[in-house]
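Numbering (this note's numbering), first residue to last: 3 to 273. A virtual CB, placed ideally from N, CA and C, is assigned to each residue, including glycine. Shown next, in structure tokens, is the structure this report addresses.
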Amino acid sequence: MQRFYKRRRTIFNIFRMILSLLAAYTILWYGEPEGFLEIIGEPGFIKFFLINTIALYLLALSVGWLMKMRRYLFLQRNLSAKEWLLLFIRGLCFPASLAIVFAMIYFNLEGKSFSLSNYMKVIFPMVLMVIVCFFALEIFSFFIQNNDVRSGEDTVNNDHRANQLDPQHNFMQYYLMVLINRRVLATDKNGEEHKLPYTTLKEVKELIGEDYRFFSTGSWIVQFEAIADTEKDSNSRALRIYLKLPLKGHLHLHKNDVRYFQQWYNTVKEQ
3 MQRFYKRRRT IFNIFRMILS LLAAYTILWY GEPEGFLEII GEPGFIKFFL
53 INTIALYLLA LSVGWLMKMR RYLFLQRNLS AKEWLLLFIR GLCFPASLAI
103 VFAMIYFNLE GKSFSLSNYM KVIFPMVLMV IVCFFALEIF SFFIQNNDVR
153 SGEDTVNNDH RANQLDPQHN FMQYYLMVLI NRRVLATDKN GEEHKLPYTT
203 LKEVKELIGE DYRFFSTGSW IVQFEAIADT EKDSNSRALR IYLKLPLKGH
253 LHLHKNDVRY FQQWYNTVKE Q
């Protein structure tokens, strides 16, 4: 499971690309007099095939991006009917609307008139089926993460050989891990500091996956329980994350990560 979890992004991206390629080919072939393979030899097929593949892959990425902000909520508990409805709107309706916009741009660039009614009758149902597949792939990803967090916590907590920490310690006891001068400085809940190998941060990030108790950046990992408060930096759109005693000081969060952090923090805080 850990090996799959570490590679899941690559695996899911491969599935996205395969679906995009198959769907693009089917859309171009559907309704044409040429055979399934004969259509490859038609003038301009490769060009339109690449355009459609790119557009469909962008739709796949949009589904993942739109649902990404609900990931932590999904991991913590079973969703209510309303939350499922909002998830469907976010993961299906928005990308479907985007597909129509892509089609309008596509026809406009080709100098052809766009008929919404014809598009909805012929092409849109196929595009919608592909979007549903992308949506199902994201839900499957959520279930994998949910299972990894809820049923695998003990394994993660005790897998010392995998994270290469001192066998007498457990990384779950560390409320904060910060990368400083090619070493990882870990602080436990009592405020005691421990120097760990440089590779520890990366290894722990792989082990915790998207465990909702943690938030990580490229240079630090913090547990939700260690956060006292947050404050926007007056000189920028960055965020200051103040830590609970006996931990010291605050963390600086880059403006590009603020929205994702706030979504995670508010979701966990409500529980």
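Write down the C-beta distance between residue i and residue j rounded to the nearest angstrom, noting that I regard them as a contact closer than 8 Å.
i: Arg92; j: Leu68; result: 5 Å
i: Val65; j: Phe137; result: 6 Å
i: Leu58; j: Ala25; result: 5 Å
i: Lys197; j: Arg184; result: Wrong, their Cβ atoms sit about 11 Å apart, outside the cutoff.
Residue i and residue j: beta carbons closer than 8 Å?
i: Thr189; j: Tyr177; result: yes
i: Leu241; j: Ala230; result: no
i: Cys135; j: Leu60; result: no
i: Trp222; j: Met174; result: no
i: Arg239; j: Gln225; result: no
i: Leu181; j: Ile133; result: no
Please report how far the alpha carbon of residue i lies from the alpha carbon of residue j, in whole angstroms.
i: Lys207; j: Phe47; result: 44 Å
i: Lys250; j: Phe142; result: 39 Å
i: Asn268; j: Glu205; result: 26 Å
i: Glu227; j: Tyr32; result: 55 Å
i: Pro248; j: Phe263; result: 23 Å
i: Phe50; j: Leu30; result: 8 Å
i: Met122; j: Asn54; result: 17 Å
i: Ser119; j: Glu112; result: 19 Å
i: Asn87; j: Ala98; result: Reading the sequence as shown, one finds Leu at residue 87 and not Asn. Roughly 15 Å between the two C-alpha positions.
i: Phe217; j: Trp266; result: 8 Å
i: Ile243; j: Glu140; result: 30 Å
i: His252; j: Tyr27; result: 52 Å
i: Val260; j: Lys114; result: 43 Å
i: Val103; j: Thr202; result: 45 Å
i: Leu89; j: Thr232; result: 28 Å
i: Phe38; j: Glu85; result: 42 Å
i: Met3; j: Leu100; result: Bear in mind that the predicted position of Met3 carries a pLDDT of just 45, short of 50, making it too unreliable to give a figure here.
i: Lys271; j: Gly193; result: 23 Å
i: Leu255; j: Ala83; result: 34 Å
i: Leu276; j: Phe96; result: This structure does not reach residue 276, given that the chain is present from 3 up to 273, and the question cannot be answered.
i: Phe116; j: Ile107; result: 9 Å
i: His162; j: Thr12; result: Confidence at His162 is low in this model, with a pLDDT of 35, below 50, so the placement of that residue is unreliable and no value is reported for it.
i: Gly220; j: Met128; result: 40 Å
i: Phe109; j: Leu187; result: 56 Å
i: Ile56; j: Val124; result: 20 Å
i: Glu36; j: Asn258; result: 49 Å
i: Lys191; j: Leu23; result: 50 Å
On the DSSP bridge list, what partners appear for residue i?
i: Asp190; result: Tyr176
i: Val224; result: Leu178 and Phe217
i: Asp231; result: Tyr244
i: His252; result: Tyr244
i: Arg239; result: In the DSSP output, where bridge partners are listed per residue, Arg239 has none listed.
i: Leu198; result: Val186
**OP:** Could you tell me whether the stretch 41-49 touches the stretch 10-24, using the rule of 3 or more Cβ pairs below 8 Å?
**Re:** The stretch 41-49 and the stretch 10-24 do not touch, with fewer than 3 CB-CB distances between them shorter than 8 Å.
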